[in-house]
Amino acid sequence: MDRDLRLARARQFLNFLPLLALTACATQVATGVAPDSPGFLLGVWHGFIFPVAWVLSLFMPDVAVYAVPNNGGWYDFGYFLGIVVFGVGARRTHTVYRTRVVRG
1 MDRDLRLARA RQFLNFLPLL ALTACATQVA TGVAPDSPGF LLGVWHGFIF PVAWVLSLFM
61 PDVAVYAVPN NGGWYDFGYF LGIVVFGVGA RRTHTVYRTR VVRG
């Protein structure tokens, strides 16, 4: 049984490999990047307000969750930090309490 599970996972990985290789071909349109467009700090801000912007974008066509054009990698990095570190990805208040232990 263990051998069958390993073979199934190996097949899944081999089926996934071409898709992974295809992602290496992705490029960004040159008109989507402009040096004087929103940069790192606005990326952090846009990542932080992502949940609100997403809800508003469902009802208002002129609201977007991502600024285009932007200055490229620094905007993306700020956007990532805004979501993960400062925004919805940061769960600083989540505390787990262990009230009982079940022993078998």
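Per our numbering: the sequence shown = residues 1 to 104. Quick reminder that beta carbons are idealized off the backbone N, C-alpha and C, glycines included. Just so you know, these numbers come straight off a predicted model, no measurement behind them.
- Query: Roughly how many angstroms separate the alpha carbons of Tyr-97 and Pro-69, rounded to a whole number?
  - Reply: 46 Å
- Item | Bridge partner(s) assigned by DSSP for Asn-15 | Beta-bridge pairing links Asn-15 to no other residue.
- Query: Considering Pro-51, what are the terminal residues of the alpha helix (DSSP H) in which it resides?
  - Reply: 50-59
- Note down the Cα distance separating Gly-78 from Val-84, rounded to an integer number of angstroms. 10 Å
- Message: Just to confirm before moving on: does the CB-CB distance between Gly-82 and Gly-43 stay below 8 Å?
- Response: yes
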